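Report on one structure; see the data block that follows.
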Amino acid sequence: DIQLTQSPSSLSASVGDRVTITCRASHDIKRYLAWFQQKPGEAPKSLIYDASSLQSGVPSRFSGSGSGTVFTLSISSLQPGDFATYYCQHYNHYPYSFGQGTKLEIK
Amino acid sequence: QVQLMQSGAEVKKPGASVRISCTASGYIFTSQYINWVRQAPGQGLEWMGIINPSGGSPTYQQKFEGRVTMTRDTSTTTVYMELSGLRSDDTAVYYCARGKRIDYWGQGTPVTVS
Chain A
1 DIQLTQSPSS LSASVGDRVT ITCRASHDIK RYLAWFQQKP GEAPKSLIYD ASSLQSGVPS
61 RFSGSGSGTV FTLSISSLQP GDFATYYCQH YNHYPYSFGQ GTKLEIK
Chain B
1 QVQLMQSGAE VKKPGASVRI SCTASGYIFT SQYINWVRQA PGQGLEWMGI INPSGGSPTY
61 QQKFEGRVTM TRDTSTTTVY MELSGLRSDD TAVYYCARGK RIDYWGQGTP VTVS
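Quick note, the sequences are listed as chains A and B, same order.
Heads up: the first sequence at position 85 corresponds to 85 in the working numbering, and the numbers run straight through without jumps.
Heads up: the second sequence at position 19 corresponds to 19 in the working numbering, and the numbers run straight through without jumps.
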């Protein structure tokens, strides 16, 4: 099974900052990686699929990159609504799995 | 618009079973797989399995093999997830989510085992 490891586990930043979250896969998953945002008490929201494609309606300050085993999610110019927990997920083959999450907090 | 509407909160005793529904609307039901994902209190997301509404056998995470059953009813555009032999560590919010490339999520169904 493929393990996904996110770093950092938590991150403090200010409104207007640029942040980057990394997701490392234990095996090559090509570009079959998605990113999700989750706020407390809410269902996750889909942000990115196929490593770098934005879901409809997602602001362009979110971007994804990578392939193989190393992927990144970047958020340029953080907005107040961006403070949340972010998860990566692979769908290269079954079983799919998620990273452990990265909590983005306001500094 | 695409919607996944899940059934309401459940409270179950250890050893019981729970069945959660996920009713899809706003798209062709048989065109997209449905995943089931759960989240224990204060924990991360855990993928449980996936079903193709067009037919065929679901795929389950090995951890849940023998305890989970995913089914679908095309007449009501509903997918079901049944988990048996409930334990306290099955207490979680259970989500359905559309697509191999997940794009839409249900609102979640809290299940408490106590």
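Glycine is no exception: its CB is placed at the ideal position from the N, C-alpha and C atoms.
These figures come from a predicted structure and were not determined experimentally.
Closer than 8 angstroms to the CB of Gln55 of chain A there is at least one CB belonging to chain B. With 16 or more other CB atoms across the displayed protein chains lying within 10 angstroms of its CB, Gly108 of chain B is buried. In this structure the region 69-78 of chain A does not lie against the region 24-34 of chain B, because fewer than three pairs of beta carbons, one per stretch, are closer than 8 angstroms. Straight through space, the alpha carbons of Thr69 of chain B and Leu83 of chain B are spaced by roughly 7 angstroms.
Cys23 of chain A and Asp89 of chain B have their C-alpha atoms some 27 angstroms from each other. Within 10 angstroms of the beta-carbon of His90 of chain A lie 16 or more other beta-carbons, which makes it buried.
Spanning the alpha carbons of Gln100 of chain A and Phe36 of chain A requires a straight line of approximately 12 angstroms.
Taking the C-beta atoms as reference points, Ser14 of chain A is found nearer than 8 angstroms to Lys107 of chain A. For Ser97 of chain A, the chain B residues whose Cβ falls inside 7 angstroms of its Cβ are Trp47, in order along the chain.
In this structure, Ala51 of chain A sits away from Trp105 of chain B, with a CB-CB distance that is not shorter than 8 angstroms. Relative to Ala24 of chain B, the option among B:Pro14, B:Thr91, B:Cys96 whose CA is nearest is B:Cys96. Looking at the DSSP output, Asn92 of chain A shares a beta bridge with no other residue. The beta carbon of Tyr95 of chain B sits closer than 8 angstroms to some beta carbon of chain A.
Under the Cβ distance rule, Gly101 of chain A counts among the residues neighbouring chain B, one pair being separated by less than 8 angstroms. Taking C-beta separations shorter than 7 angstroms and ignoring five residues to either side along the sequence, the partners of Leu4 of chain B in its chain run Cys22, Ala24, Cys96, Arg98, Tyr104, Trp105, Gly106, following chain order.
In this model, Lys103 of chain A and Gly85 of chain B are separated by some 33 angstroms (Cα to Cα). Ranked by Cα distance from Gly16 of chain A, the options A:Asp1, A:Pro8, A:Gly41, A:Arg61 are led by A:Arg61. Per DSSP, reduced to three states, the secondary structure at Ser17 of chain B is coil, with no helix or strand assignment. Beta-bridge annotation (DSSP): Leu11 of chain A is paired with A:Leu104. Per the C-alpha coordinates, the member of B:Gln62, B:Val111, B:Val93, B:Gly49 positioned closest to Gln43 of chain B is B:Val93. Identification of chain B residues near Ala34 of chain A by a Cβ-Cβ cut-off of 8 angstroms yields Arg101, Ile102, ordered along the chain. Within chain A, the residues Tyr94 have their CB atoms less than 7 angstroms from the CB of Thr59 of chain B, given in chain order.
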